[in-house]
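>
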Amino acid sequence: MRMPSSSKINTHSRMHMQTHTKEFVSISSLSDAAVALRVLCEAHALGLEKDEPDIVRRTLKTVAYVSGKLQHRMGTLKKGAGDVGVPRVGATPDTTSAKCAKCARSWNAFQRGHNCQACGHLFCGRCLTPTQLPRSFGFESPAKTCDLCRTWLAEFMNAKYEEAHLSSKKEVRTVHDAPETLAPADHSPHAFVELLNSALEKGLSPSLRARLQEVFDMYGATPHAKTKAMSELKTAMSCLLADVPEDEDDDEDDDDDDETAVSDATNASVATKSLVPTFPKVALQTVLSLMVALEAVDWTLDGKDDDDDDKGHDDPDQAAARARLSSADHRLSTDPSVALLRRETPMLEYQESTVGSNDDDDLKSPATPPLPPAMVEYFIVNRTETSPLFASSAKKDDRCRIEVFTYQGMIRVKSIFNMNRRFTFRISDMQLVQLEKEYLRWTFPYRSELVLQFQNEAAKHHFCKLIQAYLTTLDPSTKLKRTLPLVPFLRGEVKMHSQHFPAACLTTLGEFAWRGLVLVTNYRVLVVPFEIAPLVEIPLFSIVSVSRESSFGYRSPFLLLTSKDVRTLRLDVTPDDRLLTLLHLITKLSESTQKLQSGEPTRDSVLSLQVPHFSFAYTMTSVTPETNGWKFADILTEYGRQGLDTNPLLQVVENGDGAVCDSYPPHLLFPASLSMGDVLAAVNFRAKNRVPLITWQHPRNHSVLTRSSQPLLGRLLTSQSCGIDEGLIAFYKKLSTKSSSSLYIFDARKVKAAKGNRLMGKGGVEASGQYTGAIINHLNIANMYKMQTSYLALMKLCLSPEHDKSWWSALEVRAVLPVDVALTWEQATRWFEHLHLVLDGAVKIARVLEFEGASVLVHCSDGWDRTCQLVSLAQIMLDPYFRTLDGFATLVEKDWLAFGHKFMERLGGNRSKDPTRAKVSPIFLQFLDAVYQLTTQFPTSFEFDERYLLHVANALTSGLYGTFLYDNVLQRATARVCDKTISVWTPQLVSPQLFRNANYEARPDPLWPWPGHQALKLWTGYYFQHHEVHAHNHIDEEERQKA
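Residue numbers (the working numbering): 1 to 1043.
(1) Let's test the definition: count the other Cβ atoms within 10 Å of the Cβ of Asp362 and tell me whether it reaches 16, buried, or not, exposed.
(2) Between which two residues does the beta strand (DSSP E) containing Gln720 stretch?
(3) Between the C-alpha atoms of Arg874 and Arg906, what's the straight-line distance to the nearest angstrom?
(4) Can you say whether Ser912 is buried or exposed, counting buried as having 16 or more other CB atoms within 10 angstroms of its CB?
(5) Where do the ends of the beta strand (DSSP E) carrying Ile538 lie?
(6) Check this for me: beta carbons of Met676 and Val653, under 9 Å apart or not?
(7) In terms of alpha-carbon separation, which member of Leu506, Ser545 and Val544 lies closest to Val527?
(8) Is Met760 buried or exposed, if buried means 16 or more other CB atoms sit within 10 Å of its CB?
(9) Count the other CB atoms, across all protein chains shown, that sit within 10 Å of the CB of Lys465; report buried if there are 16 or more and exposed otherwise.
(10) Consult DSSP for Thr646 and reduce its assignment to one of helix, strand or coil.
(11) Spatial neighbours of Pro711 within its chain, please: CB distance less than 8 Å, with the 5 preceding and 5 following residues excluded, ordered by chain position.
(12) Going by DSSP, name the residue or residues bridged to Val653.
(13) Classify His1026: buried if its beta carbon has 16 or more other beta carbons within 10 angstroms, exposed otherwise.
(14) By the three-class DSSP mapping on this structure, what secondary structure does Glu438 have?
(15) Considering only their Cβ atoms, is the gap separating Pro1011 from Val871 smaller than 9 Å?
(16) For Trp831, which three-state DSSP category applies?
(17) Return the CA-CA distance between Phe1024 and Pro539, expressed in angstroms with no decimal places.
(18) Tell me the DSSP secondary structure of Trp696 in three-state form.
(19) State the start and end residues of the unbroken beta strand (DSSP E) segment that holds Thr706.
(20) Can you grab the Cα-Cα spacing for the pair Ala154 / Pro488, in whole Å?
(21) Measure the C-alpha to C-alpha separation of Asn689 and Pro665 and round it to an integer number of angstroms.
(22) Just the C-alpha distance for Ser991 and Phe882, rounded to the nearest angstrom, thanks.
(23) Is Arg491 closer than 9 Å to Thr1104 when the C-beta atoms are compared?
(24) Three or more C-beta pairs under 8 Å: does that hold for the region 962–981 against the region 616–632?
(25) Could you compute how far the alpha carbon of Gly312 sits from the alpha carbon of Glu214?
(26) Counting only the same chain and skipping the five closest in sequence on each side, list residues whose C-beta sits under 8 Å from that of Glu626.
(27) For a test of the three-state rule: what should DSSP assign to Gly629, helix, strand or coil?
(28) Taking the beta carbon of His698 as the centre, do at least 16 other beta carbons fall within 10 Å, making it buried, or is it exposed?
(29) Which residue's Cα is closest to the Cα of Asp398: Arg412, Val381 and His187?
(30) Report yes if the C-beta distance between Val287 and Met237 is below 9 Å; otherwise report no.
(31) What is the rounded straight-line gap between the Cα of Asn522 and the Cα of His834?
(32) Is His584 helix, strand or coil when you go by DSSP?
(33) Should Thr646 be flagged as near chain E, meaning a C-beta pair shorter than 9 Å?
(34) Work out the CA separation of Leu837 and Lys750 for me, nearest whole Å.
(35) Tell me, to the nearest whole angstrom, how far the beta carbon of Ser790 is from that of Trp831; I am working on the premise that it is less than 8 Å.
(36) Buried or exposed: where does Gln285 fall if 16 or more other Cβ atoms within 10 Å of its Cβ makes it buried?
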């Protein structure tokens, strides 16, 4: 990348600008800025940001500062700073405007205003366009900019270009060209030493020239001399960029008009010309040219023939040894920030014998053989146990196929027996150690070594020759371009670091490994592969733990990430200080996103790594009032669909402020005969004030499905009762048009759990003597702590190796086993046992409502966990509307979100309140698993398919949507979640074809599933969605497309 010479940049004035920090370099003209940009580009190509980060950081900040000054001092438009459509650095965001500053569109619940990042005023989404702003605004990626500012910037650039073009003809003083680049006669060490003499005339200091000459006198023309000389040149460049004195004039006239600013800058330039040192263009360009020339030196060239008469008489062994020594220091930079990569020649211990060879001419000839042809070589080997004491007695572990891509410099190893054991690496990443007979050892810097047994010694030698040919035929100056896949960031997503983290990535089972680049944003951790491999992303909200681990057989520690969506990820990052930096970055960001902070990310929050929940920053451009998923949250619409709002026996009580119950919907259905005092008396008798309420009414027999929490009966000896609560239950029983005189009360708990709460005075269960006609049923469903233990065991089992013989027995152990088999029982997940009890309880509730026509009351302890599961599944079985896309969204909004399921507490999203995640439990995920069981038994009765359930399940841990934020409706209304975030149901309205079941047939009759263990299936689509087999399928599909 080359910058144009400074003679092509026209300037009509010189500007001396004061720098506000030592991180800047003083630049006095645009020609100096051109040199600074050239330094930045050349330093980037040489990879100096890895060794000398101060050089690139200071230069980059300098260029950004100059661009900001030019924009401020050269602006001549009529509008003043702060007006609508006038860009200004550090503009204060407008928060008071009630309409769009351009089209005057007013704000409402479906139309929100967004601040223009250039002028700060509020605009609607149609008047904003992502635009790349100057660096002085602080945005590396395109930012939301109004159309007025975009027009202002375009006119500004056109006007300044014409002004500079016209003024250049009248300018008397010309701008000198940038210093010429020094170039050696050839790439020999002798030519570089001669170049040092010419550099004295181009600004090279005599002291630096003496130090460089001393290096070559001490070490001679060896790669070690190159390393020492490059270190001296880097130190010199750092000093040139860091030690330039700053200007002394102030910027107090920044708010004046443009003509005054330009004239003041010109006068200041003349007045301080003798006091302020100029930018060291010549010296800087000279040092940079020497670094480029030193990097291109070929240490295998002997220089001129008359320099050393003894060089032509070296024996072949000495020449080969010197060639191996010279190639040892040509390392391939693994830092992806380097635009052009150079080949690495590793320490290859296998060396072909030269005994009896007469190829002396080849040793003397400096010519480079042609590149190897684009081909693939295949080898079948046996993978043995690592590091055997004697290779001949090694035990065979696996059989593999090796694919050597000679032109790309890649090797892929595929297991023949195990489809998930596959990894890819570059030839330059490994080192070969030749063992006896047909054995060969591979060592890697980021994974354990491999010992491979070839079919015979001839195959082993052929493989070694192939590797050696690749390493020796490529010229050291050959650039290998690394192409990374395009990673589109989401709207509102910001990269949170400037340092690069190349790593080796291993998936859950540790059998599939590839190299890639780790990117951390305010939303996720990305691993962008260098080779053919899928892109891996883990949302910050789903990360459970990040730890620095070490394992036997690995040379260095690694980073282990564990997430809530049943997967782990291992990242091998070197060196250790870079690994610790990445560990700190991911830990801080994951903790901050799980502390339930609202608001958009600011500059201070980004710098302190205290970013809010990403759903407040994420936006979608295609959202309209018709496709806004928040419309499903209106519970009055669902009451109207069932005809409950027009029933004269019922009344709607407002609960928007939580006066009745802070965890209930904003609109509640009570008997019309109850006064507000009676309502308040009734809620005090139930735990958490969760009084029995109607959630669904049968369309034919008008029996109702109600829900509540446990009654507060007091201690066993001091029993309490509430007449209003008893009358409320009796009222619900009379709503049924069938002649049933009973009302069923389904308690989701076990009998001993209900009695335990009664003994402790925390509640209990209703007595049939106090509630006339009540039939009590206990469904024996375990509490949320048991579900948590079961899910953790299931996660551990899903992450276990595939060759575990006890996998199915550990998945589920039936109760028919003897009681004394304690160890096996504890090892079992019991997930299907809990799932069976939930489905069986929902079937009982649905059959009572359908066949007997009796009303039902469902509750557990607090009524927001097991109660939500039971009433939702029962409604899906009875009401065909809830089997559609819109109906399922309405059901979740009504019976889970509106009735107060504590999503943030169960998902571990509020670390400020629950730092140890003690109350995390997969209650809603278990409900989705139960719905999946229904879809497998009735595949044509649901409008949606498994992809829709996966979308909702992954949204729980992604942190992308605001639907599952907070624990009740009142908290969401206070935080204005509907206005600031996107609903999880919005994608289904925007693109319903992605989730629609192609075989769907509307079925008006109820569904009666078989809840037995024999019919239940493991939801592999969710628990194994990140399994390595999907990565292999992705790779094979890409290869087929390329073929």
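From the three backbone atoms N, C-alpha and C, an ideal C-beta is built for every residue, glycine too. Just so we're clear, the structure is a prediction, and the values are computed from it rather than from any experiment.
This is what the structure holds:
(1) Counted from its first residue, the sequence shown places residue 362 at position 362. In this prediction, Asp362 scores a pLDDT of 35, lower than 50, which makes its location untrustworthy; no coordinate-derived value is stated.
(2) Sequence index remark: in the sequence shown, residue 720 carries index 720 (1-based). Careful: Gln720 lies outside any beta strand (DSSP E) and carries neither H nor E.
(3) Taking the sequence shown and counting its residues from 1, the one referred to as residue 874 is at position 874. Taking the sequence shown and counting its residues from 1, the one referred to as residue 906 is at position 906. One detail in the question is off: residue 874 reads as Ala in this sequence, not Arg. Going by the C-alpha atoms only, they are around 22 Å apart.
(4) To locate residue 912, count along the sequence shown from 1; it is residue 912. Ser912 should be labelled exposed.
(5) Here the question's residue 538 lines up with position 538 in the sequence shown. Per DSSP, Ile538 belongs to the beta strand (DSSP E) from Val536 to Pro539.
(6) The residue given as residue 676 occupies position 676 in the sequence shown. The residue given as residue 653 occupies position 653 in the sequence shown. Cβ distance < 9 Å, so Met676 and Val653 count as in contact.
(7) Taking the first residue of the sequence shown as 1, we reach residue 527 at position 527. The option with the nearest alpha carbon to Val527 is Leu506.
(8) Residue mapping note: residue 760 aligns to position 760 of the sequence shown, counting from 1. That one is exposed.
(9) Walking along the sequence shown from the start, residue 465 turns up at place 465. Exposed is the call here.
(10) Indexing the sequence shown from 1 puts residue 646 at position 646. Judged by DSSP in its simplified three-state form, Thr646 adopts coil rather than helix or strand.
(11) As a first step, residue 711 is located in the sequence shown; it is residue number 711 there, counting from the start. Contacts found: Phe685, Arg686, Ala687, Cys722, Asp725, Gly763, Gly764, Val765 and Glu766.
(12) In the sequence shown, residue 653 corresponds to position 653, counting from 1. According to the DSSP secondary-structure assignment, Val653 is paired through a beta bridge with Leu668.
(13) Taking the first residue of the sequence shown as position 1, residue 1026 is located at position 1026. Residue burial is scored here from C-beta neighbours: His1026 has at least 16 other C-beta atoms within 10 angstroms and is therefore classed as buried.
(14) Sequence index remark: in the sequence shown, residue 438 carries index 438 (1-based). DSSP places Glu438 outside both helix and strand once states are collapsed to three, so it counts as coil.
(15) Along the sequence shown, one-based indexing puts residue 871 at 871. Along the sequence shown, one-based indexing puts residue 1011 at 1011. For Val871 and Pro1011, no; Cβs fall outside 9 Å.
(16) Translated into the one-based positions of the sequence shown, residue 831 becomes position 831. Helix, per DSSP.
(17) Stepping through the sequence shown from its first residue, residue 1024 is reached at position 1024. Stepping through the sequence shown from its first residue, residue 539 is reached at position 539. Distance from the CA of Phe1024 to the CA of Pro539, rounded to the nearest whole angstrom, comes to 17 Å.
(18) Walking along the sequence shown from the start, residue 696 turns up at place 696. DSSP places Trp696 within a strand segment (E or B) once states are collapsed to three.
(19) The sequence position of residue 706 within the sequence shown is 706, counting from 1. Taken as a continuous stretch (DSSP letters only), the beta strand (DSSP E) holding Thr706 covers Val704 to Ser708.
(20) Translated into the one-based positions of the sequence shown, residue 154 becomes position 154. Translated into the one-based positions of the sequence shown, residue 488 becomes position 488. Straight-line spacing of the CA atoms in Ala154 and Pro488 works out to 26 Å.
(21) For the purposes of this step, residue 689 is taken as the residue at position 689 of the sequence shown. For the purposes of this step, residue 665 is taken as the residue at position 665 of the sequence shown. The C-alpha of Asn689 lies about 13 Å from the C-alpha of Pro665.
(22) The residue you call residue 991 lines up with position 991 of the sequence shown. The residue you call residue 882 lines up with position 882 of the sequence shown. It is roughly 19 Å from the alpha-carbon of Ser991 to the alpha-carbon of Phe882.
(23) This structure gives no information on residue 1104, because the portion of the chain shown stretches from 1 to 1043.
(24) Pairwise C-beta distances place the region 962–981 in contact with the region 616–632, as three or more of them are shorter than 8 Å.
(25) The residue given as residue 312 occupies position 312 in the sequence shown. The residue given as residue 214 occupies position 214 in the sequence shown. With a pLDDT of only 38 at Gly312, under 50, the local geometry of the prediction cannot be trusted, and the value read off the model is given with reservation. Straight-line Cα distance between these residues: approximately 26 Å.
(26) Working through the sequence shown from its first residue, we reach residue 626 at position 626. Taken in chain order, the residues that qualify are Leu989.
(27) Translated into the one-based positions of the sequence shown, residue 629 becomes position 629. Three-state DSSP puts Gly629 in a helix.
(28) Counting from 1 along the sequence shown, the entry for residue 698 is found at position 698. By the beta-carbon neighbour count (other beta carbons within 10 angstroms, threshold 16), His698 is buried.
(29) Counted from its first residue, the sequence shown places residue 398 at position 398. Distance check between Asp398 and each of Arg412, Val381 and His187 places Val381 closest, using alpha-carbon atoms only.
(30) What you label residue 287 is simply residue 287 of the sequence shown in a count that begins at 1. What you label residue 237 is simply residue 237 of the sequence shown in a count that begins at 1. Contact: yes.
(31) Position 522 of the sequence shown, counted from the first residue, corresponds to residue 522. Position 834 of the sequence shown, counted from the first residue, corresponds to residue 834. Taking the straight line from one Cα to the other gives about 37 Å.
(32) As a position in the sequence shown, residue 584 is number 584, starting the count at 1. His584: helix per DSSP, three-state reduction.
(33) Considering every chain present, this structure includes no chain E. It has just one protein chain.
(34) Along the sequence shown, read from residue 1 onward, the residue named residue 750 stands at position 750. Along the sequence shown, read from residue 1 onward, the residue named residue 837 stands at position 837. One C-alpha to the other measures close to 11 Å.
(35) Numbered from its first residue, the sequence shown carries residue 790 at position 790. Numbered from its first residue, the sequence shown carries residue 831 at position 831. About 5 Å separates the CB atoms of Ser790 and Trp831; that is less than 8 Å, so the two are in contact.
(36) Here the question's residue 285 lines up with position 285 in the sequence shown. If you draw a 10 Å sphere on the C-beta of Gln285, you find 16 or more other C-beta atoms in it, and that means buried.
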